[in-house]
Amino acid sequence: MASLWRKYILWFAQEHVDFRISEFESIVKMFGLQFRRLTEQTLKPFWVVEFPNVETAMLYASRSVALRAMFELYAHSRKLPEFHERLRAHVDANRNELAKYFRQDTSFKITVETYNKHFSQREKIEKIETMDYLPIEGPVNLKSPQVEWWYIEFWGLDPTAVPEEPDDILFGRLLATGQRNLIKELSLKQRKFIGNTSMDAQLSLLMANQAMVREGDLVFDPFVGTGSLLVSAAKWGGYVLGADIDYMMVHARCRPSRITQKVREKDESIRANLLQYGCADRYMDVVVADFSNPLWHPRISFDSIITDRSSIRNKRGHGKGGNEKESKGYRSNRRHGPLSVHLALFAAESVR
Numbered sequence: 025m026a027s028l029w030r031k032y033i034l035w036f037a038q039e040h041v042d043f044r045i046s047e048f049e050s051i052v053k054m055f056g057l058q059f060r061r062l063t064e065q066t067l068k069p070f071w072v073v074e075f076p077n078v079e080t081a082m083l084y085a086s087r088s089v090a091l092r093a094m095f096e097l098y099a100h101s102r103k104l105p106e107f108h109e110r111l112r113a114h115v116d117a118n119r120n121e122l123a124k125y126f127r128q129d130t131s132f133k134i135t136v137e138t139y140n141k142h143f144s145q146r147e148k149i150e151k152i153e154t155m156d157y158l159p160i161e162g163p164v165n166l167k168s169p170q171v172e173w174w175y176i177e178f179w180g181l182d183p184t185a186v187p188e189e190p191d192d193i194l195f196g197r198l199l200a201t202g203q204r205n206l207i208k209e210l211s212l213k214q215r216k217f218i219g220n221t222s223m224d225a226q227l228s229l230l231m232a233n234q235a236m237v238r239e240g241d242l243v244f245d246p247f248v249g250t251g252s253l254l255v256s257a258a259k260w261g262g263y264v265l266g267a268d269i270d271y272m273m274v275h276a277r278c279r280p281s282r283i284t285q286k287v288r289e290k291d292e293s294i295r296a297n298l299l300q301y302g303c304a305d306r307y308m309d310v311v312v313a314d315f316s317n318p319l320w321h322p323r324i325s326f327d328s329i330i331t332d333r334s335s336i337r338n339k340r341g342h343g344k345g346g347n348e349k350e351s352k353g354y355r356s357n358r359r360h361g362p363l364s365v366h367l368a369l370f371a372a373e374s375v376r
């Protein structure tokens, strides 16, 4: 029997929006997921997407950092009367399938969410009361409900030009949340070893998803710094290896970046960061190396190479007037071309 495609609401955080599409496409490619994206305006925080089954949808949510939450779509429309007609029709047409969510022994909560428009608590209650046709019989439980329904109104992206009517009205059942809990878990505020240019947790997790890091992958960062990308890659199951020309940084002997810290602690290191997050078994090594000079044996290959492009610029010292100079033992060598070219060539030869 052919699977029945279902529609889902993907609710994205409005942070690092430029990474949203690339993260989504990387995850569906990594897992080989089928999908149909019905929302054309990708800057909107709410997408309507079709997946062939709930397992596919849940697999996507299990990796996305940009995703705040995912809902099974019951109805949506730009016009309020049409929205209620569609919601009522959906409930009537799927009454047997949805009956388990409406039973007397099933607790529930309805959340009203708006974007670009504020609703008072009274207005939210009035919105909920307009859906009194829903055959809900269970008790309300605001703290730990068994079922959560969400009523969503999207009022455009421009706070200076809010439309008179919502651009979209959606209703659905909460299925899963994204992996944004990792942003707090890997926060730089509590991290053992950081520097002035350490990448924030959210961005490093998004980049690791773009690299499609999977369990058992070998991941390399040629400009590792304090290892933020290694932490995220290891959290997704990769075995991580790094290199950097900055001896003081690699060995955690550089000046502390925290205002309250005068000297580095003896146990600060990139490996200590992975140990802190339970990923020490995925730490291969970090070496001091000049990436513009060949180091790795041709037989070595990686599943992913992830690095911060700004690090490529920062590794080259420039004196007054833009002249190159030696910086921390590194001499930029124009004969061999810019580091970005070296990185592209190395990736072409070394990534499986």
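My numbering numbers the first residue of the sequence shown as 25 and each following residue consecutively.
The beta carbon of each residue, even a glycine, is placed where N, CA and C say it ideally should be.
Legend entry - The beta strand (DSSP E) enclosing residue 20, as first and last residue numbers: Given a span of 25 to 376 for the chain in the structure shown, any question on residue 20 remains unanswerable.
Legend entry - Runs of alpha helix (DSSP H) wholly within the region 105-158 (minimum 4 residues, chain order): 119-126, 145-153
Inset, instruction - Taking residue 176 and residue 48 to be in contact with their CB atoms under 8 Å, please state how far apart those CB atoms are, rounded to whole angstroms. - result: The sequence position of residue 176 within the sequence shown is 152, counting from 1. The sequence position of residue 48 within the sequence shown is 24, counting from 1. Not a contact, Cβ separation roughly 19 Å.
Legend entry - Extent of the continuous beta strand (DSSP E) run through residue 32: The sequence position of residue 32 within the sequence shown is 8, counting from 1. 30-36 is the span of the beta strand (DSSP E), which, as asked, contains residue 32.
Legend entry - 8 Å Cβ cutoff met for residue 261 and residue 310: Taking the sequence shown and counting its residues from 1, the one referred to as residue 261 is at position 237. Taking the sequence shown and counting its residues from 1, the one referred to as residue 310 is at position 286. Taking 8 Å as the Cβ cut-off, residue 261 and residue 310 do not qualify as a contacting pair.
Inset, instruction - Compute the Euclidean distance between the alpha carbons of residue 332 and residue 280, then round it to the nearest angstrom. - result: Translated into the one-based positions of the sequence shown, residue 332 becomes position 308. Translated into the one-based positions of the sequence shown, residue 280 becomes position 256. So the alpha carbons of these two residues sit roughly 21 Å apart.
Inset, instruction - Could you please give the first and the last residue of the uninterrupted alpha helix (DSSP H) stretch that includes residue 51? - result: As a first step, residue 51 must be located in the sequence shown, where it is residue number 27. First-last of the alpha helix (DSSP H) with residue 51: 44-55.
Legend entry - Alpha carbon of residue 7 to alpha carbon of residue 196, nearest angstrom: Given a span of 25 to 376 for the chain in the structure shown, any question on residue 7 remains unanswerable.
Legend entry - Short Cβ contact (8 Å threshold) for residue 40 with residue 230: As a position in the sequence shown, residue 40 is number 16, starting the count at 1. As a position in the sequence shown, residue 230 is number 206, starting the count at 1. Yes, these two residues count as a Cβ contact at 8 Å.
Inset, instruction - Enumerate in chain order the residues of its own chain whose CB-to-CB distance from residue 236 is below 6 Å, with the five nearest sequence positions on each side excluded. - result: Taking the first residue of the sequence shown as 1, we reach residue 236 at position 212. Here the set comprises 50, 54.
Inset, instruction - Find the nearest neighbour of residue 232 within the set 68, 88, 57, judged by alpha-carbon distance. - result: As a working note, residue 232 is residue 208 in the sequence shown. Minimum Cα distance to residue 232 is reached at 88.
Inset, instruction - Select from 213, 302, 248 the residue whose C-alpha is nearest the C-alpha of residue 284. - result: By 1-based counting over the sequence shown, the position of residue 284 is 260. The option with the nearest alpha carbon to residue 284 is 213.
Legend entry - Coarse secondary structure for residue 373, derived from DSSP in three states: Indexing the sequence shown from 1 puts residue 373 at position 349. Residue state, collapsed to three classes: helix.
Inset, instruction - Check residue 177 in the structure and name its three-state DSSP category. - result: Residue mapping note: residue 177 aligns to position 153 of the sequence shown, counting from 1. Reduced to three states, the DSSP call for residue 177 is strand.
Legend entry - Per DSSP, cross-strand counterpart(s) of residue 243: Here residue 243 is taken as the residue at index 219 of the sequence shown, counted from 1. The partner list for residue 243 (beta bridge, DSSP) reads 264, 328.
Inset, instruction - Leaving out five residues on either side along the sequence, give the residues of the same chain with a beta carbon under 7 Å from the beta carbon of residue 127. - result: Counting from one through the sequence shown, the residue named residue 127 turns up at place 103. Hits under 7 Å: 161, 162.
Legend entry - residue 366 in three-state terms, based on DSSP: By 1-based counting over the sequence shown, the position of residue 366 is 342. Residue 366: helix per DSSP, three-state reduction.
Legend entry - Terminal residues of the alpha helix (DSSP H) in which residue 258 lies: Within the sequence shown, the letter at position 234 stands for residue 258. From DSSP, the alpha helix (DSSP H) with residue 258 extends over 252-259.
Legend entry - Between the CA atoms of residue 210 and residue 137 - distance to the nearest angstrom: By 1-based counting over the sequence shown, the position of residue 137 is 113. By 1-based counting over the sequence shown, the position of residue 210 is 186. Each residue's Cα considered, the two are about 28 Å apart.
Inset, instruction - For residue 104, decide whether its Cβ has a neighbour in chain C, counting only Cβ atoms nearer than 8 Å. - result: The displayed structure is made up of one protein chain only, and chain C is not part of it.
Inset, instruction - Kindly list the residues whose CB is nearer than 6 Å to the CB of residue 45, restricted to its own chain and excluding five residues on each side of it in sequence; keep chain order. - result: Walking along the sequence shown from the start, residue 45 turns up at place 21. Once the five neighbours on either side are set aside, the close Cβ partners of residue 45 are 66.
Legend entry - Span separating the alpha-carbon of residue 325 from that of residue 362: In the sequence shown, the residue the question calls residue 325 occupies position 301. In the sequence shown, the residue the question calls residue 362 occupies position 338. Near 22 Å, if we compare the C-alpha coordinates of residue 362 and residue 325.
Legend entry - residue 346 - DSSP class collapsed to helix/strand/coil: Along the sequence shown, read from residue 1 onward, the residue named residue 346 stands at position 322. The pLDDT assigned to residue 346 is 37, lower than 50, so where the model puts this residue is not dependable, and the model offers no usable value.
Legend entry - Assigned secondary structure, residue 228 (DSSP; H/G/I helix, E/B strand, else coil): The residue you call residue 228 lines up with position 204 of the sequence shown. Looking at residue 228 - three-state DSSP - the assignment turns out to be helix.
Legend entry - Extent of the continuous beta strand (DSSP E) run through residue 209: Counting from 1 along the sequence shown, the entry for residue 209 is found at position 185. Segment 205-209 is the alpha helix (DSSP H) holding residue 209; no beta strand (DSSP E) there.
Legend entry - For residue 78, the first and last residue of its enclosing beta strand (DSSP E): Here residue 78 corresponds to residue number 54 of the sequence shown, with the count starting at 1. Where residue 78 is concerned, there is no enclosing beta strand (DSSP E), although the alpha helix (DSSP H) it sits in stretches over 78-85.
Legend entry - Span separating the alpha-carbon of residue 109 from that of residue 75: Numbered from its first residue, the sequence shown carries residue 109 at position 85. Numbered from its first residue, the sequence shown carries residue 75 at position 51. For residue 109 and residue 75, the distance between alpha carbons rounds to 24 Å.
Inset, instruction - Work out the CA separation of residue 245 and residue 201 for me, nearest whole Å. - result: On the sequence shown, position 177 is the one that residue 201 refers to. On the sequence shown, position 221 is the one that residue 245 refers to. Computed Cα separation, rounded: 29 Å.
Inset, instruction - Taking all protein chains shown into account, decide if residue 43 is buried (16 or more other Cβ within 10 angstroms of its Cβ) or exposed. - result: In the sequence shown, residue 43 corresponds to position 19, counting from 1. Counting Cβ neighbours within 10 Å, residue 43 comes out buried, since at least 16 surround it.
Inset, instruction - Take the Cβ of residue 265 as the centre, count every other Cβ of all protein chains shown within 10 Å, and call the residue buried at 16 or more, exposed below. - result: For the purposes of this step, residue 265 is taken as residue 241 along the sequence shown, with counting starting at 1. So residue 265 ends up on the buried side.
Legend entry - Span of the beta strand (DSSP E), counted from its first residue to its last, around residue 296: On the sequence shown, residue 296 is found 272 positions in, with the first residue counted as 1. Premise fails: residue 296 lies in the alpha helix (DSSP H), 294-300, not in any beta strand (DSSP E).
Inset, instruction - Measure the CB-CB distance between residue 327 and residue 243 and report whether it falls below 8 Å. - result: Taking the sequence shown and counting its residues from 1, the one referred to as residue 327 is at position 303. Taking the sequence shown and counting its residues from 1, the one referred to as residue 243 is at position 219. Taking 8 Å as the Cβ cut-off, residue 327 and residue 243 qualify as a contacting pair.
Inset, instruction - Tell me, please, which residues DSSP counts as bridged to residue 319. - result: The residue given as residue 319 occupies position 295 in the sequence shown. BP columns for residue 319 are empty, so no partner.
Legend entry - Straight-line gap, residue 182 to residue 191 (C-alpha atoms, nearest Å): Indexing the sequence shown from 1 puts residue 182 at position 158. Indexing the sequence shown from 1 puts residue 191 at position 167. Spanning the two alpha carbons is a distance of roughly 12 Å.
Inset, instruction - Using DSSP bridges, identify the partner residues of residue 40. - result: Within the sequence shown, numbered from 1, the residue matching residue 40 stands at position 16. Per DSSP, none; premise fails for residue 40.
Legend entry - Nearest candidate by alpha-carbon position, reference residue 374, set 323, 365, 150, 364: Position 350 of the sequence shown, counted from the start, is the residue given in the question as residue 374. Answer by Cα proximity: 323.
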